[in-house]
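In what follows, a structure is listed as structure tokens, so that the remarks can point back to it.
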Amino acid sequence: RTALIFCYHLKKTAAESHRMLVEAYGEHALGKSQCFEWFKKFKH
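Be aware that the sequence shown starts at 1, since it is given in the UniProt record's numbering, and climbs by one per residue.
Here is the structure:
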């Protein structure tokens, strides 16, 4: 979640953020749909 908040403040999209997480954490990264759900929560 912290990494996603960081990406959100950098104006990254959910898709860009997910790609970065996969690059960093591989198969242990958060799922794409979960990233999109978190970004929806950040916007509200």
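The beta carbon of each residue, even a glycine, is placed where N, CA and C say it ideally should be.
*With a Cβ-Cβ cutoff of 7 Å, do C35 and H18 count as a contact?*
In the sequence shown, counting from the first residue as 1, residue 35 sits at position 35. In the sequence shown, counting from the first residue as 1, residue 18 sits at position 18. Yes. Within cutoff.
*For G26, name the three-state secondary structure that DSSP assigns.*
On the sequence shown, residue 26 is found 26 positions in, with the first residue counted as 1. It is helical.
_Coarse secondary structure for R1, derived from DSSP in three states_ = On the sequence shown, position 1 is the one that residue 1 refers to. Here R1 sits in coil by DSSP.
*Counted within 10 angstroms of its Cβ, other Cβ atoms place F39 as buried (16 or more) or exposed*: What you label residue 39 is simply residue 39 of the sequence shown in a count that begins at 1. By the 10 Å Cβ count, F39 comes out buried.
_Between which two residues does the alpha helix (DSSP H) holding K40 run?_
Taking the sequence shown and counting its residues from 1, one reaches residue 40 at position 40. In the DSSP assignment, K40 falls within the alpha helix (DSSP H) that extends over K32 to K43.
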